[in-house]
Amino acid sequence: MGCEWQVKLDSYVDGELSPEELAECEQHLRDCRQCATTVLGCLQMKRAIRAAATSRYAPTSELRLRIRQTISPAPPMWRRFWVPQFALAAAALVLLVVGAALWLTRPRPANFARELLDQHVATLASPNPVDVLSSDRHTVKPWFEGRLPFTFNLPDLQGSPFRLIGGRVTYLQQSPGAHLLFGIRKHQISVFILQGRGLCRQVGQFSPEIRQSGFTIDTWSQGGLCYALVGDTGPSDIHALTQLLQAAAPR
Amino acid sequence: MKWPADSVAQATEPPAEALGKSAGNANSFEELAMPLFAPLYNFAHWLTQNREEAEDLVQETYAKALKNFASFTPGTNFRAWIYRILRNTFLTSRTGMRAAATVPIEDENDEFVLPSAAADPESLLLARADQEMIRGALEQLPLRFREIILLCDLEEMSYREIAATLGIPLGTVMSRLSRARTAMRELLRRESRRASNGL
Chain F
1 MGCEWQVKLD
11 SYVDGELSPE
21 ELAECEQHLR
31 DCRQCATTVL
41 GCLQMKRAIR
51 AAATSRYAPT
61 SELRLRIRQT
71 ISPAPPMWRR
81 FWVPQFALAA
91 AALVLLVVGA
101 ALWLTRPRPA
111 NFARELLDQH
121 VATLASPNPV
131 DVLSSDRHTV
141 KPWFEGRLPF
151 TFNLPDLQGS
161 PFRLIGGRVT
171 YLQQSPGAHL
181 LFGIRKHQIS
191 VFILQGRGLC
201 RQVGQFSPEI
211 RQSGFTIDTW
221 SQGGLCYALV
231 GDTGPSDIHA
241 LTQLLQAAAP
251 R
Chain G
1 MKWPADSVAQ
11 ATEPPAEALG
21 KSAGNANSFE
31 ELAMPLFAPL
41 YNFAHWLTQN
51 REEAEDLVQE
61 TYAKALKNFA
71 SFTPGTNFRA
81 WIYRILRNTF
91 LTSRTGMRAA
101 ATVPIEDEND
111 EFVLPSAAAD
121 PESLLLARAD
131 QEMIRGALEQ
141 LPLRFREIIL
151 LCDLEEMSYR
161 EIAATLGIPL
171 GTVMSRLSRA
181 RTAMRELLRR
191 ESRRASNGL
């Protein structure tokens, strides 16, 4: 009795001694039988209390639910709705951006029409508008052999006011095509013959006739090819040539 | 002879999140408080000795803690903070006031009751008393002894945490714990005598 360590044994059992004190205390416990017995009793008591009291009373799941509702009436709602909403908003944004990008970069009929018009005007302004200069369709058509991945028919213009001037290879929307020039009176009409689904689809999106800067553009698809006529003559002349070409083209 | 003083604590270390020791700003109230739900309820039931009262106490504790969560300093001990709310709430309840009133206001000086009283063979037997006897003794303990023993041995709070929870100085924690354990042993001794006389 009366050991100076007695007052520290609770702290020892509770793990509250400083490292230095702990070492000293353990040294002392090796030597002092009385303190060692006390510590054993305290440790056993501590363990017994813990074993007897831990999870002695378990809460009901109803209480847990009630507590959850008490402390987070908003958060579950927030989580339930906000996250999907955020995901939806993000998805909508992605769709919007992708959609806008596709829409902005889509091939536009108006652009295609402008490109046709530019080709027509540039060709007429050139000192050598055509590479094959001939009014004979049997000369012009074979000239394109080996220059284009497709072939086409040209109408017999005898008895019509039109005359064939010649042709050249052109590129429209990154696709090769035939650019033919026809004359009527003092006017020249460009006939573009192109191949490719994309182009044909765009041609299909044209209103049959687009008037632009006083020019008439007439387009149609036929036999897997698409045709575009551009000229500054009256629409009736354009249509007349259209009919000639349509009649000559393979069905 | 080497005594594994901290083996009790190590073997039953509560999950790190339950300790709430490094409660950062990012932790929501729910994240900090819900892991403590079952231990808080157990503690509340030990205090109230009644299921309904324990349920009300826990619910009120959570409501109060949520309301005052802004006053909790992130990074400080959340567990001590919420246990303190529970205990203070209990003390203002009818049962709590009654329990506190039945305890004679002891002299809370830092005088120790030496655990040497336990240093006899009988106390070793007492410590091995069955769970029912220990539970019975815990229930009979005056409130202030019961709560400090539960906080220390069951919740495994450090003395510092206990001081924060009970709002008392560290020295008082040690002296009260010492008295509580002596009282516990006394109760067990009485219980075991009664049991052996009954046989």
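Protein chains in written order, with our numbering: chain F, 1 to 251; chain G, 1 to 199. Yeah, the Cβ is synthetic: ideal placement off N, Cα and C, and Gly gets one too.
Between residue i and chain F, is any beta-carbon pair separated by less than 7 Å?
i: L154(G); result: yes
i: L66(G); result: yes
i: I85(G); result: no
i: E214(G); result: Any answer about residue 214(G) is impossible in this case: the structure gives chain G only from 1 up to 199.
i: E186(G); result: no
i: E191(G); result: no
i: E30(G); result: yes
i: L91(G); result: no
i: G24(G); result: Reliability of the predicted coordinates at G24(G) is poor, the pLDDT of 44 falling under 50, and the value obtained from them is presented with this limitation in mind. No, G24(G) does not count as interfacial toward chain F.
i: K21(G); result: Note that K21(G) scores a pLDDT of 42, beneath 50, so its modelled location is shaky and nothing firm can be said.
i: N77(G); result: no
i: S116(G); result: Note that S116(G) has pLDDT 47, beneath the 50 cutoff, so the model's placement of it is unreliable and the number below is only indicative. Closer than 7 Å: yes.
Taking just the CA atoms, how far does residue j sit from residue i?
i: F78(G); j: L104(F); result: 56 Å
i: G214(F); j: L148(F); result: 31 Å
i: A100(F); j: A91(F); result: 14 Å
i: G24(G); j: T48(G); result: At G24(G) the pLDDT is 44, less than 50, meaning the model places this residue with poor confidence and gives no usable figure here.
i: C152(G); j: A99(G); result: 20 Å
i: Q131(G); j: H45(G); result: 17 Å
i: D218(F); j: T242(F); result: 8 Å
i: F112(F); j: Q158(F); result: 32 Å
i: L40(G); j: V58(G); result: 7 Å
i: G196(F); j: T151(F); result: 13 Å
i: M45(F); j: P142(G); result: 18 Å
i: T56(F); j: L95(F); result: Position check: residue 56(F) holds Arg in this sequence, whereas Thr was assumed. Near 56 Å, if we compare the C-alpha coordinates of L95(F) and R56(F).
i: T76(G); j: A164(G); result: 11 Å
i: G265(F); j: A248(F); result: Because chain F spans 1 through 251 in this model, residue 265(F) falls outside it and cannot be assessed.
i: I162(G); j: R146(G); result: 13 Å
i: N50(G); j: E30(G); result: 26 Å
i: A38(G); j: R176(G); result: 26 Å
i: Y159(G); j: R84(G); result: 14 Å
i: S192(G); j: G136(G); result: 11 Å
i: S22(G); j: R181(G); result: Here S22(G) scores only 43 on pLDDT, less than 50, and its place in the model should not be relied on; the value that follows carries that caveat. Rounded to whole angstroms, S22(G) to R181(G) spans 31 Å at the Cα level.
i: E115(F); j: S221(F); result: 18 Å
i: V256(F); j: L93(F); result: Shown here, chain F extends from 1 to 251; a query on residue 256(F) therefore has no answer.
i: S71(G); j: A80(G); result: 14 Å
Using a Cβ-Cβ distance under 7 Å, would residue i count as near chain G?
i: A48(F); result: yes
i: E16(F); result: yes
Mind pulling the chain F residues with CB within less than 7 Å of residue i?
i: L177(G); result: D10
i: F37(G); result: P59, R64 and I67
i: E55(G); result: L63
i: L200(G); result: This structure cannot settle anything about residue 200(G), because the visible part of chain G is limited to 1 through 199.
i: L151(G); result: Within chain F, no residue comes near L151(G); the closest Cβ sits about 11 Å away, beyond 7 Å.
Just to confirm before moving on: does the CB-CB distance between residue i and residue j stay below 7 Å?
i: C226(F); j: L181(F); result: no
i: T70(F); j: Y62(G); result: yes
i: A52(F); j: I149(G); result: no
i: S135(F); j: R163(F); result: yes
i: L124(F); j: K141(F); result: no
i: L63(F); j: E55(G); result: yes
i: T233(F); j: I184(F); result: yes
i: L43(F); j: V7(F); result: no
i: S190(F); j: H120(F); result: yes
i: A23(F); j: L29(F); result: no
i: V130(F); j: G177(F); result: no
i: T89(G); j: E60(G); result: yes
Anything in chain F within Cβ reach of residue i, meaning under 9 Å, just list it in chain order.
i: Q140(G); result: Within chain F, no residue comes near Q140(G); the closest Cβ sits about 13 Å away, beyond 9 Å.
i: D158(G); result: Rather than Asp, the amino acid found at residue 158(G) in this sequence is Ser. By Cβ distance, chain F contributes D14, G15 and E16.
i: A33(G); result: I67 and I71
i: L166(G); result: Result: empty, since nearest Cβ-Cβ is about 15 Å, beyond 9 Å.
i: M97(G); result: Near M97(G) there are no residues of chain F at all, since even the closest Cβ is about 22 Å away, more than 9 Å.
List, in order along the chain, the chain G residues whose C-beta lies closer than 8 Å to that of residue i?
i: R56(F); result: N42, H45, W46 and R135
i: T70(F); result: Q59, Y62, A63 and L66
Kindly list, in the order they appear in chain G, the residues whose Cβ is closer than 7 Å to that of residue i.
i: A51(F); result: Q131
Given the structure, does residue i come close to the ligand FMN, in the sense that its CB is under 6 Å from one of the ligand's heavy atoms?
i: D131(F); result: The ligand FMN is not among the ligands present in this structure, which contains no ligands whatsoever.
List, in chain order, every chain F residue whose beta-carbon is nearer than 8 Å to that of residue i.
i: R181(G); result: D10, C42 and M45
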